[in-house]
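The structure appears right after this line, and notes come after that.
Numbering (the working numbering), first residue to last: -9 to 114.
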């Protein structure tokens, strides 16, 4: 199992406020692949896609780039080699990380709603 890497989730409920939560992810969400887990969660939601399907799409996309030696716009061409081909274990780590990020963002949204309700009750 790979080591866990901290990832900071940021939520801006209203102007001038910021909520942060650090979650730990197991896959390499670094600049090499040009992917961000929060953005991938949003893409899955916009496409009405499950996190399992999104993880599979990410793996398929990277593997296709490795096999054809072409790269996506947001990836550097010389950084993906045949050794970067992803397998089922990577897909599972990506899915779990997407789930971790989605739950973390939901927690921040719920916390923001709770704070807003408490403020509303205090001003009422």
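Idealized CB from N, CA, C, for every residue including glycine.
- Secondary structure note for residue 78: its alpha helix (DSSP H) is the uninterrupted segment 78 to 113.
- Of -7, 95, 54 and 28, the smallest CA-CA separation from residue 75 is found for 54.
- The continuous alpha helix (DSSP H) containing residue 27 extends over residues 27 to 36.
- Collapsing the DSSP output to three states places residue 4 in coil.
- For residue 15, there is no enclosing alpha helix (DSSP H); the residue is part of the beta strand (DSSP E) that begins and ends at 9 to 15.
- Taking the CA atoms as reference points, residue 30 sits about 19 Å from residue 77.
- Contact check for residue 18 against residue -4 fails: the beta carbons are separated by 9 Å or more.
- At the C-beta level, residue 56 and residue 41 stay beyond 9 Å of one another.
- Counting only residues of its own chain and dropping the five nearest sequence neighbours on each side, residue -6 has a CB closer than 7 Å to the CB of 14, 15 and 16.
- Distances from the CA of residue -2 to each of 58, 33, 37 and 90 were compared; the closest alpha carbon is that of 90.
- Residues of the same chain with a CB within less than 6 Å of the CB of residue 94, apart from the 5 flanking positions on each side, are -1, 11 and 13 in chain order.
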